[in-house]
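*Asks:*
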Amino acid sequence: MAKPVRKAVLPVAGLGTRVLPVGKTTPKNLLNVVDRPILSYIVEEARAAGIEHMVFIVSRGQGAIEDYFDSIPEIENALSAKGKVEILEDLRRDLPQPGQMSFIRQMAPLGLGHAVWCARHVIGDEPFAVMLPDMLMQASPPALVQAVAAYEKTGGNIVVVEPAPEGETHKYGIVALDGRDGRLNRMTGMVEKPPLGTEPSNLFISGRYILQPEIFNILETQERGAGGEIQLTDGMFNLMKTQDFHALEYEGTTYDCGDKLGLLRANVAFALARPDLADAARQAIKALL
Ligand code: G1P
Numbered sequence: 102m103a104k105p106v107r108k109a110v111l112p113v114a115g116l117g118t119r120v121l122p123v124g125k126t127t128p129k130n131l132l133n134v135v136d137r138p139i140l141s142y143i144v145e146e147a148r149a150a151g152i153e154h155m156v157f158i159v160s161r162g163q164g165a166i167e168d169y170f171d172s173i174p175e176i177e178n179a180l181s182a183k184g185k186v187e188i189l190e191d192l193r194r195d196l197p198q199p200g201q202m203s204f205i206r207q208m209a210p211l212g213l214g215h216a217v218w219c220a221r222h223v224i225g226d227e228p229f230a231v232m233l234p235d236m237l238m239q240a241s242p243p244a245l246v247q248a249v250a251a252y253e254k255t256g257g258n259i260v261v262v263e264p265a266p267e268g269e270t271h272k273y274g275i276v277a278l279d280g281r282d283g284r285l286n287r288m289t290g291m292v293e294k295p296p297l298g299t300e301p302s303n304l305f306i307s308g309r310y311i312l313q314p315e316i317f318n319i320l321e322t323q324e325r326g327a328g329g330e331i332q333l334t335d336g337m338f339n340l341m342k343t344q345d346f347h348a349l350e351y352e353g354t355t356y357d358c359g360d361k362l363g364l365l366r367a368n369v370a371f372a373l374a375r376p377d378l379a380d381a382a383r384q385a386i387k388a389l390l
């Protein structure tokens with residue numbers, strides 16, 4: 102039986118240039134979708150998948166992320182004194198148990214592969230998940246739950262994928278499959294940001310992975326690839342020489358919240374999916390249109 106996936110790496114470092122000017126002072130993954138920061142949804146997804154320990158890879162100026170996952174006694178005491186139990190419970194919903202989260206500095210922006218490698222000492226010798234928090238997934242069951250279910254069938258490594266919009270494959274990591282039969286298929290290759298016309302399929306890497314710890318040795322010496330960065334995709338391609346990789350076409354919708362319009366779409370979609378807000382949100386949107 103495959104070893105269980107208990108830990109997840111969440112690379113949140115990055116300048117957030119696509120969401121400037123707010124990115125100057127607010128880490129992009131703390132921006133709101135409806136009334137919660139993006140990271141709140143990601144952490145909820147991780148927990149649903151059985152993740153017990155989350156490793157955030159952060160950069161300078163992102164202390165607000167650590168603070169978000171800490172208790173805030175002034176506010177909690179005030180709410181409790183006023184009997185505002187619901188707000189208090191909601192406030193505490195995202196908090197970890199002591200010791201369930203680690204924060205590691207990526208001291209230079211060397212790429213996603215390097216960010217994941219920074220987690221090696223905390224992950225140790227066991228399979229782990231990687232979740233790219235820009236990519237917010239609306240799915241039932243949650244995307245990482247689907248990935249873990251696939252992993253329990255195949256073992257090895259899982260890469261969650263989805264069809265890329267026409268003409269956009271060059272913006273992503275793209276996978277090559279050994280035939281396409283159903284949603285879970287063995288991979289034969291992958292390439293980061295292939296020039297248009299050279300893509301091996303239309304399936305892009307969406308931002309959820311389950312990886313074996315051997316990836317760390319590879320990332321340690323992985324050369325820079327697309328964009329001059331140490332790419333996770335290149336590291337996985339090298340690991341594929343000795344280990345199995347499967348691509349899972351998950352069922353759900355992805356919103357790229359690192360992008361202004363993606364964030365707007367996520368806000369609309371998540372508001373419409375909230376039982377307490379759906380009707381009012383629909384009316385407000387209709388009125389605007
Ligand atoms: C990263 C990955 C890429 C993946 C993408 C999803 O690229 O390297 O393989 O398809 O995330 O958002 P980035 O968006 O950091 O350029």
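Each residue of the sequence shown is one higher than the one before, starting from 102 at the first, in our numbering. From the three backbone atoms N, C-alpha and C, an ideal C-beta is built for every residue, glycine too. What you are looking at is a predicted structure, and each value in this text was computed from that prediction instead of being measured.
1. Assuming Y393 and Q247 make a contact with CB atoms under 8 angstroms, what is their CB distance in whole Å?
2. Under three-state DSSP, which class holds G336?
3. Measuring only from the beta carbon, is S307 closer than 7 angstroms to any heavy atom that is part of the ligand G1P?
4. Can you look up L111 in the DSSP assignment and give me helix, strand or coil?
5. With H, G and I counted as helix, E and B as strand and the rest as coil, what does DSSP make of R193?
6. Give the range of the alpha helix (DSSP H) segment to which I386 is assigned.
7. What is the C-beta distance between G274 and K129, in whole angstroms, given that I count them as a contact (C-beta under 8 angstroms)?
8. Given I386, which residues of its chain have a CB within under 7 angstroms of its CB, disregarding the five upstream and five downstream residues?
9. Going by the DSSP bridge assignment, what does V260 pair with across the sheet?
10. How about the region 142-150 and the region 264-282: do they share at least three Cβ pairs that are nearer than 8 angstroms?
11. The ligand G1P and L362: does the residue's C-beta get closer than 7 angstroms to at least one heavy atom of that ligand?
12. If you draw a straight line from the C-alpha of K125 to the C-alpha of L304, how long is it?
13. Tell me the start and end of each unbroken alpha helix (DSSP H) in the region 134-207 that is at least 4 residues and wholly inside, in chain order.
14. Between K185, L131 and S172, which lies nearest to G117 when the distance is taken from Cα to Cα?
15. Using 8 angstroms as the threshold, is the C-beta distance between R375 and V134 below it?
16. Using the Cα positions of I139 and A240, report the straight-line distance between them to the nearest angstrom.
17. For T255, list the residues DSSP reports as bridge partners.
18. On the three-pair Cβ rule with 8 angstroms, is the region 313-323 touching the region 194-207?
*Replies:* The structure says:
1. With the chain running from 102 to 390 in the structure shown, residue 393 is simply not present.
2. In this structure, DSSP gives G336 a helical state, which the three-state scheme calls helix.
3. yes
4. strand
5. R193: helix per DSSP, three-state reduction.
6. A379 to L389
7. Actually they do not touch by this definition, with Cβ atoms about 20 angstroms apart.
8. Taken in chain order, the residues that qualify are V369.
9. Y310 and A348.
10. no
11. no
12. 33 angstroms
13. 139-149, 164-169, 174-182 and 186-193
14. L131
15. Cβ distance not < 8 angstroms, so R375 and V134 don't count as in contact.
16. 15 angstroms
17. None, per the DSSP bridge assignment.
18. No: fewer than three Cβ pairs fall under 8 angstroms.
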